[in-house]
Amino acid sequence: MIAPDTPRPRAPISRRADYRAFRLITTRWMDNDVLGHVNNALYYSFFDTTVTGWLIERDLIGLHDGTMWMVAETSCRYLSEVAFPDVLTIGLRLGKLGNSSVRWELAVFRGEADEASAEGHFVHVHMNRQTRRPTPVPDSIREILATMQI
Numbered sequence: 329m330i331a332p333d334t335p336r337p338r339a340p341i342s343r344r345a346d347y348r349a350f351r352l353i354t355t356r357w358m359d360n361d362v363l364g365h366v367n368n369a370l371y372y373s374f375f376d377t378t379v380t381g382w383l384i385e386r387d388l389i390g391l392h393d394g395t396m397w398m399v400a401e402t403s404c405r406y407l408s409e410v411a412f413p414d415v416l417t418i419g420l421r422l423g424k425l426g427n428s429s430v431r432w433e434l435a436v437f438r439g440e441a442d443e444a445s446a447e448g449h450f451v452h453v454h455m456n457r458q459t460r461r462p463t464p465v466p467d468s469i470r471e472i473l474a475t476m477q478i
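Residue numbering for the sequence shown follows my numbering, starting at 329 and increasing by one per position.
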């Protein structure tokens with residue numbers, strides 16, 4: 329058992345090569361908070377835009393088949409500041425593909441930086457649109473999602 333006051337080792341910082349797809353996000357002046365950097369809540373918007381954009385581009389959002397993706401969990405680890413007028417690249421990969429859920433892993437890269445400024449995850453549950461209950465991810469979608477695993 330680890331003593332309560334023993335520091336836990338910190339996970340290594342992600343690099344661009346650790347991700348499979350990327351989306352550019354241009355920061356706006358209004359994204360900065362009173363501390364002069366992008367407000368922490370906006371990182372979740374960056375994650376949502378990246379994942380949802382990737383799903384829409386592959387027609388996997390579920391608008392036509394009676395299903396949808398619902399967010400069940402998110403997290404973000406902040407590593408270094410970003411601020412307007414930075415252009416950010418959000419890296420995306422598939423961390424885990426379950427029976428009815430997907431764990432997306434994301435990283436925020438500032439400018440051309442190779443190391444992430446922030447890292448997070450985003451869990452989607454594949455749901456029946458009417459019952460709002462989890463439903464298995466069909467094999468045809470699983471094949472496409474699997475291309476995002478490292």
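From the three backbone atoms N, C-alpha and C, an ideal C-beta is built for every residue, glycine too.
Going by other Cβ atoms of all chains shown within 10 Å of its Cβ, with 16 needed for buried, is residue 455 buried or exposed?
-> In the sequence shown, the residue the question calls residue 455 occupies position 127. Residue 455 comes out buried.
Can you give me the start and stop residues for the beta strand (DSSP E) that residue 395 sits inside?
-> For the purposes of this step, residue 395 is taken as the residue at position 67 of the sequence shown. Per DSSP, residue 395 belongs to the beta strand (DSSP E) from 395-406.
Reference residue 410, options 424, 364, 431, closest by Cα = Along the sequence shown, one-based indexing puts residue 410 at 82. That would be 364, whose Cα lies nearest to the Cα of residue 410.
For residue 421, name the three-state secondary structure that DSSP assigns.
-> Mapped onto the sequence shown, residue 421 falls at position 93. Note: residue 421 maps to strand in three-state DSSP.
Going by the beta-carbon positions, is the gap between residue 422 and residue 476 smaller than 7 Å?
-> For the purposes of this step, residue 422 is taken as residue 94 along the sequence shown, with counting starting at 1. For the purposes of this step, residue 476 is taken as residue 148 along the sequence shown, with counting starting at 1. Yes. Within cutoff.
Should residue 403 go down as buried or exposed, given a rule of 16 or more other Cβ atoms within 10 Å for buried?
-> Taking the sequence shown and counting its residues from 1, the one referred to as residue 403 is at position 75. By the 10 Å Cβ count, residue 403 comes out exposed.
Considering only residues of the same chain and omitting the five flanking positions on each side of residue 460, which have a CB-CB separation below 6 Å?
-> Translated into the one-based positions of the sequence shown, residue 460 becomes position 132. So no residue of the chain qualifies.
Kindly identify the DSSP beta-bridge partner or partners of residue 429.
-> Position 101 of the sequence shown, counted from the first residue, corresponds to residue 429. 453.
Should residue 362 go down as buried or exposed, given a rule of 16 or more other Cβ atoms within 10 Å for buried?
-> Here residue 362 is taken as the residue at index 34 of the sequence shown, counted from 1. Exposed: under 16 other Cβ atoms inside 10 Å.
Of the residues 381, 396, 335, 385, which one's Cα is nearest the Cα of residue 353?
-> For the purposes of this step, residue 353 is taken as residue 25 along the sequence shown, with counting starting at 1. Minimum Cα distance to residue 353 is reached at 381.
Taking only the alpha-carbon atoms, compute the straight-line gap between residue 337 and residue 405 and give it to the nearest angstrom.
-> Counted from its first residue, the sequence shown places residue 337 at position 9. Counted from its first residue, the sequence shown places residue 405 at position 77. Whole-angstrom Cα-Cα distance: 14 Å.
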